[in-house]
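To start, the structure itself, in structure tokens.
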Amino acid sequence: MGSTTQPNIPDPTADLHWSDFKGPIHQIFAANARKHPHRPCVVETATGSTPERAFTYQHIFNAVAVLSHHFVQSGIQRGHVVIIFAHRGVDLVVAIMAVLAAGATFSVLDPLYPPDRQCIYLQVSQPRALVVIKKATQEAGPLSPQVRQYMAENLQLSTEVPALELRDDGSLLGGAKDGRDVLHEQQKNKAELPAVLVGPDSTPTLSFTSGSEGLPKGVKGRHFSLTHYFPWMADAFGLSDQDRFTMLSGIAHDPIQRDIFTPLFLGAQLLVPSKEDIQHEKLAEWMRTHGATVTHLTPAMGQILVGAASAVFPALHHAFFVGDLLIKRDVRRLQALAPNVRVVNMYGTTETQRAVSYYELPSATDAPDFLDSIGDVVPAGRGMHNVQLLVVNREDRNKMCAVGESGEIYVRAAGLAEEYLGLPDMTASKFVDNWFVDPGRWAREDKQRVEAMSAPEPWREFYKGPRDRLYRSGDLGHYGPDGNVHCTGRVDSQVKIRGFRIELGEIDSHLSAHPLVRENVTLLKRDAYEDQSLVSYIVPEMKRWHDWLEERGANVPSTEETDMVAMLKRFKYLRDDVREHLKKKLPAYAVPSVIVPMLRFPLNPNGKIDRPALPFPEPAQIAAAGARRPSQLGQALTPTEQSMAEIWAELLSDRGVTADSINGSDSFFDLGGHSIIAQQLLFKVRQGWKDIDVPMTAIFQHPTLRAFSANIDQAIDPIGLRLDTADAVEDDPEDEAYSADARDLAAQLSDFKTREPLKPGDEVHTFLTGATGFLGAYILRDLLSRPGKVTVLVRARDRDGALDRVRNTCEAYGIWDHGWLDRLEPLVGDLQKPNFGLAPNTWSLLCDDVDVVVHNGALVHWVLPYSRLRGPNVESTMTALALCSTGKAKNFGLVSSTSVLDTDYFVKLSDKSLAEGGTGVLEEDDLEGARKGLGTGYGQSKWAAEYITRAAGKRGLAGCVIRPGYVLGDPDNGTTNTDDFLVRILKGCVQLKSRPDIKNPINMVPVTHVARVVVASSFSPPTAPLGVAQITSHPRITFQQFLGSLESFGYNVPEVPYSTWKDNMEAYVADRSGTREENALLPLYHFVTGDLPSDTKAPEMDDRNATKALKADAQWTGQDWSAGGAVTEDTVGVYLSYLIDLGFMPPPEKKGLKDLLASKLTDAMKETLKTVGGRRGV
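Start counting the sequence shown at 7; every next residue gets the next number (my numbering).
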């Protein structure tokens, strides 16, 4: 295959100098020792109880020679593994270099590993020799009896060095055996290294990375990688033999190799801190005291370095980060203490060894404002010398991704590791041959070079020849315009909980912005009951925390205990403040239910946060931390409140909630409740109080125990005859509050310039919200099928993340087109913020340049009250209208909902119209019939948004309100939103093995047609200057026909009376056996077990304006879609094929009257669907 090179994108056919072996690291170290024998090599810095110990290159060389000869004379051969029971210090340097000089493979065993873990490492590595560093046993104790027994029974050790120690005078001891030191015989060999030849493909290292089922994978390294990149690094970053490097990496983590090999290659000095010095602020003081100039760090270790430190260390000129995403916040903190440091973010893995990418950030001294010019996540950058990061199309790996296009990252280099030890299938799946180039090309060219030599290099005996391989990282990323790669996470970077897609990185981004949080990480954990919970772990900024408490005069337990209960109590105020901070930034479902404070995070041997080791609080611990004394409980509970407290405690027991710990002012949601548990709460209420009907919205409007219980009391005793109820809570504003609010907001509108009609073929600049939702993705596709550009508002960490969200959404639905990239501009913003959170200059540019605004973004939630939806749905409309009123004249399209008609008034109006030969509710109706009586906060919020928009139309704004009903899937490929009520009821009926007899017609329209009407009505408003376009189904089918489609395609779901079906549903939910899948309708339990036949009766709607807009739009598209769109039984079959292939629904039990078509769902769509979700994308 030929080159696919593009500007600033690597050419995957370029020669990466596969045979350019620089020699083994131990030989280069030996040359430095001969050249500068008295130069300081390793310095163990002083502690409070021990003096500094400095060792020259001669000292280290002599020690390495002695130990390496011992290995060779003990029968250790090339490739044999030598395991080192390690300790940070000079002894580890000696042990590693000696293993290499003997031609063997070293692997490091951390004494802090539990014995079980140590045995696993021994099982995988099967070592032939053991080196125990004396200081390791002095600090951590000897190898456990369990480990000793395992070695005795399972390993064949040729030698053991029981107590390696480099003494102050440079002499090396190995520990006594049979009355004398095991290295006694080799002391005479300290002048020369053994004559063991190794080559580029010899194995010097065995490193470990995480594996499945708890068994780590051993990664075999290669000698080529240990030295190949150092000459380039020295030149690129100004590294020299005058530098002082640090030994800060985890001793069993492969970056420790960089710590050691870099200075030894350059002839520089390695500084080793004591155990006491690697502690937050002490480490910064250590850096300053000893004048460290270069350091290698993981982001987690970098956070320890800056911690609460105040010491400035200006000598540091380079800090190399590797191992995890590097956040701009951490760079800023480091540069505040090290103003001259140039931070280099490096992307690589254990499998890529030293072959990595780099992105260098200038120092704060050289460019104090540089960090302001990049996103929150530092880019991975571009490949080092002879390294390429290839971003490959996930659907067609023969295509390199273009700039901005998301794909999977492959690392191409001559310096990749060899393989996974003993795992050939995994090796074959992760280390793949380069399919972009002729596989024999490099071997032929290398053969020609060898034939031209008078004598080939001796190391070729241990060289397999050029191998053009790629390492498949599993990471996602894309190229920026400058060729730098930006990592955007992994396929599994998002989680789904209670039906919502949640980006953990977004939660962490907001957490990191809290001034009292120094470190944080959020995980999805399962509790003791296997319920999924979001848990955020935080490390406080202790000095700021104490100042914060002092300012508020707050008292906290004065304890130094660090157990879970003590920490939860000690940092209760911080947990509460952090939760309130997140509530302002995130939707309720994304606010973690548990926040765990820690003094420091556990790190794994790789220097990363050890996520599996992060503790999940037990219910009893949460209860103990939150328990109140009786004096704290305040007013005694009424009988209803006491009964309700017992129900809450039952539902929230796994969160440590007990009935006697609940106060009347406690919020259901602050105690750990969420929308799914709220459904279960309603079920319990209906069981306990059979003659009342409390709406689902009550718990959201009145979340405290006292307020919610008062709603129960009011339903039991509406005229207040009982004496044992709580004082009536003040109701939320009456139904007409939303209409009053809309009138107040409309009065704030200014006049609008009316835009001249758009002309077919015009280059139109459209501003679109909600592009990451289901409908929004199809609106975007329709917009980009026309001339012009589209700017989309997306909530994300940075521009790259915004583009990825849009692209992933469209890829998941099978509609992404790579050709859109040059006409698609993502902007990071938030519907609820002033000016959508955009910078003033960006806002001004939009005001002056945009031609059409399509406001599709909204929070679609059927139980949240108006007050909770006002921000994303109503205030955002005011912001969109402000955009239209400023700068050039614009068209405006508001995507609304038929939920604004959900009152008896419009049902009766529709019936009257039809009886008189009309077509139902007219599009020009002023909606005053719904200024009262709308039962959902969502419907109320859309009524308010419509009212404001129509008021803007009276002030000159051109445009249209588009009012769809149910938005169903794509009739071509079946893509649909599995959170939709109509999709859920299909699955729910299959689960209940029955379907209700409901004859109401359903106004459901395919998403493709809804998107057409939205764009057509926004580009060609059917009424001047602004009107309403209602989207109706032609023809309409009934619920009976829709659910009957299940029978047609082979499902066993007999029709039963609604009352019977409702009983089936209640029995299904009440079944606690744990043998049934959660019913798909549980999130809508209150709706489907209320009065579904009445609640699904909807008015018929006139749609002349929609028809008119579609006819006019034919001049843009060349197609006349004015006949409308509909969901038929055959369309339902397309949806079922998709849902079955997706795994959402089971296949039919039998052959139906109709055959299901083959699904068009691709593997790539399935994979990307894991990362997207939502109806309207806020």
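All C-beta atoms in this analysis are idealised placements derived from N, C-alpha and C, irrespective of residue type, glycine included.
Here the structure is a predicted model, which means the values were calculated and not measured.
How should Val456 be labelled, buried or exposed, when 16 other C-beta atoms within 10 angstroms of its C-beta is the threshold for buried?
-> For the purposes of this step, residue 456 is taken as residue 450 along the sequence shown, with counting starting at 1. Val456 is exposed by the Cβ-count criterion.
Can you give me the start and stop residues for the beta strand (DSSP E) that His484 sits inside?
-> Position 478 of the sequence shown, counted from the start, is the residue given in the question as residue 484. That run of the beta strand (DSSP E) goes Arg475 to Tyr485.
Can the beta-carbon of Phe230 be found less than 8 Å from the beta-carbon of Ala104?
-> Within the sequence shown, numbered from 1, the residue matching residue 230 stands at position 224. Within the sequence shown, numbered from 1, the residue matching residue 104 stands at position 98. No, they are not a contact pair.
Are the stretch 1101–1116 and the stretch 949–957 in contact at 8 Å, needing three or more beta carbon pairs?
-> no
Beta-carbon contacts of Lys141 that lie in its chain and below 7 Å, excluding the five residues immediately before and after = Working through the sequence shown from its first residue, we reach residue 141 at position 135. Contacts found: His93, Gly95 and Asp97.
Nearest-angstrom beta carbon gap, Thr772 and Ala895 [assumed within contact, 8 Å] | Reading the sequence shown from its first residue, position 889 is the one you call residue 895. Reading the sequence shown from its first residue, position 766 is the one you call residue 772. Contact doesn't hold; Cβ gap of about 14 Å is too wide.
Secondary structure of Met459, DSSP reduced to three states = Position 453 of the sequence shown, counted from the start, is the residue given in the question as residue 459. Looking at Met459 - three-state DSSP - the assignment turns out to be coil, as it is neither helix nor strand.
Work out the CA separation of Pro269 and Thr528 for me, nearest whole Å.
-> For the purposes of this step, residue 528 is identified with residue 522 of the sequence shown, where counting begins at 1. For the purposes of this step, residue 269 is identified with residue 263 of the sequence shown, where counting begins at 1. Approximately 37 Å, taken between the alpha carbons.
Gln309 classed as buried or exposed, judged by whether at least 16 other C-beta atoms fall within 10 angstroms | By one-based count along the sequence shown, residue 309 stands at place 303. Burial call: buried.
Backbone CA spacing between Trp1127 and Leu928 [nearest angstrom] | For this step, residue 1127 is matched to residue 1121 along the sequence shown. For this step, residue 928 is matched to residue 922 along the sequence shown. Roughly 21 Å separates the two Cα atoms.
Tell me, please, which residues DSSP counts as bridged to Ser539.
-> Taking the first residue of the sequence shown as position 1, residue 539 is located at position 533. DSSP output for Ser539 lists Lys531 as bridge partner(s).
Paired residues, beta bridge with Asn897 - DSSP = Taking the sequence shown and counting its residues from 1, one reaches residue 897 at position 891. For Asn897, which the question treats as bridged, DSSP gives the partners Val858 and Ala964.
How would you label Gln754, buried or exposed, when you count the other beta carbons within 10 angstroms and need 16 or more for buried?
-> The sequence position of residue 754 within the sequence shown is 748, counting from 1. Classification of Gln754: exposed, given that the 10 Å Cβ count is below 16.
Closest to Ala1170 by CA distance: which of Trp448, Tyr819, His324 and Val318 is it?
-> As a working note, residue 1170 is residue 1164 in the sequence shown. Per the Cα distances, Tyr819.
Could you give the distance in angstroms between the alpha-carbon of Leu331 and the alpha-carbon of Thr710?
-> Here the question's residue 331 lines up with position 325 in the sequence shown. Here the question's residue 710 lines up with position 704 in the sequence shown. In a straight line, the C-alpha of Leu331 is about 40 Å away from that of Thr710.
Consider the C-beta atom of Ala408 and the heavy atoms of the ligand ADP; say whether any pair is separated by less than 7 Å.
-> As for the ligand ADP, it is missing from this structure, which has no ligand bound.
What three-state label does DSSP hand Phe689 in the structure shown?
-> As a working mapping, residue 689 is identified with position 683 in the sequence shown. The answer is helix: DSSP assigns Phe689 an H, G or I state.
Between Leu1163 and Asp1147, which are expected to be in contact by the criterion C-beta below 8 Å, what is the C-beta distance as a whole number of angstroms?
-> The residue labelled residue 1163 in the question sits at position 1157 within the sequence shown. The residue labelled residue 1147 in the question sits at position 1141 within the sequence shown. Wrong, their Cβ atoms sit about 11 Å apart, outside the cutoff.
7 Å Cβ shell around Val48 - same chain, five flanking residues per side excluded = Locating residue 48 in the sequence shown gives position 42, counting from the first residue. Around Val48: Phe61, Ile66, Val96, Val99, Leu276 and Val278.
With a cut-off of 8 Å on the beta carbons, I'd call Gly945 and Asp908 a contact; round off their distance for me.
-> Against the sequence shown, residue 945 aligns to sequence position 939. Against the sequence shown, residue 908 aligns to sequence position 902. Confirmed, Cβ separation roughly 5 Å.
My understanding is that Val800 touches Ala777, with C-beta atoms under 8 Å, so please give their C-beta distance in whole angstroms.
-> Taking the first residue of the sequence shown as position 1, residue 800 is located at position 794. Taking the first residue of the sequence shown as position 1, residue 777 is located at position 771. Yes, they are in contact, since the Cβ atoms of Val800 and Ala777 sit about 7 Å apart, within 8 Å.
Simplified DSSP assignment, three categories, for Gly794 | As a working note, residue 794 is residue 788 in the sequence shown. Gly794 falls in the strand class under three-state DSSP.
Nearest to Gln1121 by CA position, among Ala315, His296 and Ala1022, is which residue?
-> As a position in the sequence shown, residue 1121 is number 1115, starting the count at 1. When only C-alpha atoms are compared, the closest one is Ala1022.
Looking at the structure shown, is Leu833 part of a helix, part of a strand, or coil, going by DSSP?
-> Working through the sequence shown from its first residue, we reach residue 833 at position 827. Residue state, collapsed to three classes: strand.
For the candidate residues Leu657, Ile718, Gly694 and Ala1115, whose alpha-carbon lies nearest to that of Thr644?
-> Here residue 644 corresponds to residue number 638 of the sequence shown, with the count starting at 1. Taking only the C-alpha atoms, the option nearest Thr644 is Ile718.
Of the choices Gly224, Pro462, Gly389 and Leu303, whose alpha-carbon is the least far from that of Gln430?
-> Taking the first residue of the sequence shown as position 1, residue 430 is located at position 424. The residue you asked about is not Gln; residue 430 is Pro in the sequence shown. Measuring from the Cα of Pro430, the nearest candidate turns out to be Gly224.
N- and C-terminal bounds of the alpha helix (DSSP H) containing Asn1070 = Position 1064 of the sequence shown, counted from the first residue, corresponds to residue 1070. Tyr1064 to Ala1076 is the span of the alpha helix (DSSP H), which, as asked, contains Asn1070.
Which of helix, strand or coil DSSP assigns to Ile544 | The residue you call residue 544 lines up with position 538 of the sequence shown. Ile544 falls in the strand class under three-state DSSP.
Considering Thr646, what are the terminal residues of the alpha helix (DSSP H) in which it resides?
-> Counting from one through the sequence shown, the residue named residue 646 turns up at place 640. Per DSSP, Thr646 belongs to the alpha helix (DSSP H) from Pro645 to Leu657.
Own chain partners of Arg749 with C-beta closer than 8 Å, once the 5 adjacent residues on each side are dropped = The count along the sequence shown starts at 1 and reaches residue 749 at position 743. Correct list, in chain order: Tyr953.
Does the beta-carbon distance from Gln341 to Val350 come in below 8 Å?
-> Walking along the sequence shown from the start, residue 341 turns up at place 335. Walking along the sequence shown from the start, residue 350 turns up at place 344. It is not a contact, given that the beta carbons lie outside the stated cut-off.
Between which two residues does the alpha helix (DSSP H) containing Gly1194 stretch?
-> Since the displayed the chain opens at 7 and closes at 1184, residue 1194 lies outside it and no answer follows.
Consult DSSP for Lys28 and reduce its assignment to one of helix, strand or coil.
-> In the sequence shown, the residue the question calls residue 28 occupies position 22. Coil at Lys28, not helix or strand.
Just reading off the beta strand (DSSP E) that Ser113 is part of, what are its end residues?
-> As a first step, residue 113 is located in the sequence shown; it is residue number 107 there, counting from the start. Here the beta strand (DSSP E) through Ser113 covers Thr111 to Leu115.
In three-state DSSP terms, what is Val15?
-> In the sequence shown, counting from the first residue as 1, residue 15 sits at position 9. Contrary to the premise, residue 15 reads as Ile rather than Val in this sequence. Strand.
In angstroms with no decimal places, state the Cα-to-Cα distance between Leu915 and Val1034.
-> By one-based count along the sequence shown, residue 915 stands at place 909. By one-based count along the sequence shown, residue 1034 stands at place 1028. Looking at the two C-alpha atoms, the distance is approximately 18 Å.
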